[in-house]
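*Asks:* Once you've had a glance at the structure underneath, I'll fire off some questions.
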Amino acid sequence: MNKIISTLFFLLTLTLPIHDAVAEGKRVVFIRYQIPISHFTTVIDGFKKTMALQGYKEGEQVEYIDVLTRSADKSSIPDVLKAVNEWKDKADMIITCGWVSMPAREILKETRTPQLFVPVLKSVAMKILPATNGQPGTNISGIYLMYPPEKILRLASLLIPGIKHYAYVYNSNIPADMIFKSTYEQLAIADHHGITIHFLDIALGVDQVLTELRKRNIQAFGGIVGSFQKRQELAASNLPVITSFTLDIEKGDLEKYVQEGNIVAGLFNPFRYCGEQAAEMTADIFNDKLSIEQTVPRPARQIAFINVNAAARLNMQVPFAALESVDIVIK
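Sequential numbering from 17 applies to the sequence shown in our numbering.
Here is the structure:
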């Protein structure tokens, strides 16, 4: 009787659809750096939960290796290179978070190991790939963030009608800041919305930046990483911050992180969404539905917001046209 049951069970497994079977023993390596607030942990959380829904449970069908580098700046490059060299021939997928994707790419492009950037600025993705709107044709793809400088300047012009001077505050030691700086520098004049862009390096000191903000009659400023790290000191400028908000936080926590300070408006991309999208791509690759070369890079989910509380503290009148142009109004 037991032999008959075993035979029937074996025959039943043969009738299961092939696409329902999940390959075992996959290894995914994360390489991330220390971006505020949580160092891409929402990316990892979203990735793991979505992979589990796709049939890849941690410790069973998939093993995760997590590498956190020592800092957010260039001093992390040796950590990145060490991790890539250690895992390049032992990983089924390498997930690189943020600007570390570029030094990792220099090694991984010579291998067959799939690499997903989760996420990077679109300007970084365009340096790595021939295009972001088609199949890469190589062993890299991923999720890119959209913080178009044109949209930031347009938001500034809606909030401050007639604005003439905007500053991009960056740290020359932080790769992400420098890459985004080049995006501002390449912006067409027609996309400036009549605004002159000033570039101020906070690596030279907060006091110098505050002096330049006053001397150049700056009416608003923004940045990526460096300006956020020094947000409390820069608040002494009493100028509105209209910025790319790149924190690794949940969408529901956005209000909490703009309660104090001068952040009046910005563009925000939830990182958890990026992790979820990357997991869908990874599961498709592991299930042989398509190869990394056939995946199409995906945009992150962009959210524009205005913080009317900060505007009130700075005695700013927020025009109705500005409120209409955003997804979230924080009151």
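Each residue gets a CB set at the ideal place from its N, CA and C atoms; glycine is no exception.
Because the structure is a prediction, the values reported are computed rather than measured.
Can you tell which of L270, E276, Q333 has the C-alpha that lies nearest to the C-alpha of I344?
*Replies:* With distances taken between Cα atoms, I344 lies closest to L270.
*Asks:* For V280 versus A327, is the C-beta distance shorter than 7 Å?
*Replies:* For V280 and A327, yes; Cβs fall inside 7 Å.
*Asks:* At 4 residues or longer, and completely inside the segment 37-78: list those alpha helix (DSSP H) runs for me, N to C.
*Replies:* Correct list: 57-69.
*Asks:* Are there 16 or more other CB atoms within 10 angstroms of the CB of P130, so buried, or fewer, so exposed?
*Replies:* Looking at its Cβ environment, which holds 16 or more other Cβ atoms inside 10 Å, P130 is buried.
*Asks:* DSSP on G242, reduced to helix/strand/coil?
*Replies:* G242: helix per DSSP, three-state reduction.
*Asks:* So, using beta-carbon positions, are G277 and A251 closer together than 7 Å?
*Replies:* In contact: G277 and A251 (Cβ atoms closer than 7 Å).
*Asks:* Can you tell me whether DSSP reads R329 as helix, strand or coil?
*Replies:* Looking at R329 - three-state DSSP - the assignment turns out to be helix.
*Asks:* Can you list, in chain order, the residues of its chain whose CB lies under 7 Å from that of R247, leaving out five sequence neighbours each side?
*Replies:* Cβ within range, chain order: G277.
*Asks:* Could you tell me the alpha carbon to alpha carbon distance between F26 and A107, rounded to whole angstroms?
*Replies:* Its pLDDT being 41, under 50, F26 is placed unreliably by the model, and the measurement read from it follows with that caveat. Near 32 Å, if we compare the C-alpha coordinates of A107 and F26.
*Asks:* Rank L226, A172, G242, H208 by C-alpha distance to the C-alpha of L339 and give the top, closest one.
*Replies:* The shortest Cα separation from L339 among L226, A172, G242, H208 belongs to A172.
*Asks:* Quick one: any contact between the segment 302-310 and the segment 227-239, if contact means 3 or more CB pairs under 8 Å?
*Replies:* The segment 302-310 vs the segment 227-239: no contact.
*Asks:* Which whole-angstrom value is the C-beta distance of M162 and A316, which I expect to be below 8 Å?
*Replies:* That belief holds up - the Cβ atoms of M162 and A316 are roughly 6 Å apart, short of 8 Å.
*Asks:* Decide yes or no for the touch test of the segment 306-315 against the segment 145-152: beta carbon pairs closer than 8 Å, at least 3 of them.
*Replies:* With the cut-off at 8 Å, the segment 306-315 and the segment 145-152 touch.
*Asks:* Let me know the secondary structure DSSP gives V274 once reduced to three states.
*Replies:* Here V274 sits in coil by DSSP.
*Asks:* Do the CB positions of G239 and I190 come within less than 7 Å of each other?
*Replies:* Not in contact: G239 and I190 (Cβ atoms no closer than 7 Å).
*Asks:* For D282, which three-state DSSP category applies?
*Replies:* The sequence shown places Gly at residue 282, not Asp. Reduced to three states, the DSSP call for G282 is strand.
*Asks:* What does the alpha-carbon distance come out to for the pair V257 and D217?
*Replies:* Rounded to whole angstroms, V257 to D217 spans 16 Å at the Cα level.
*Asks:* Can you give me the Cβ contacts of L330 inside the same chain, cut-off strictly under 6 Å, excluding the 5 residues immediately before and after it?
*Replies:* Excluding sequence neighbours, L330 sits near P256.
*Asks:* So is I322 buried or exposed if we call it buried at 16+ other beta carbons inside 10 Å?
*Replies:* That one is buried.
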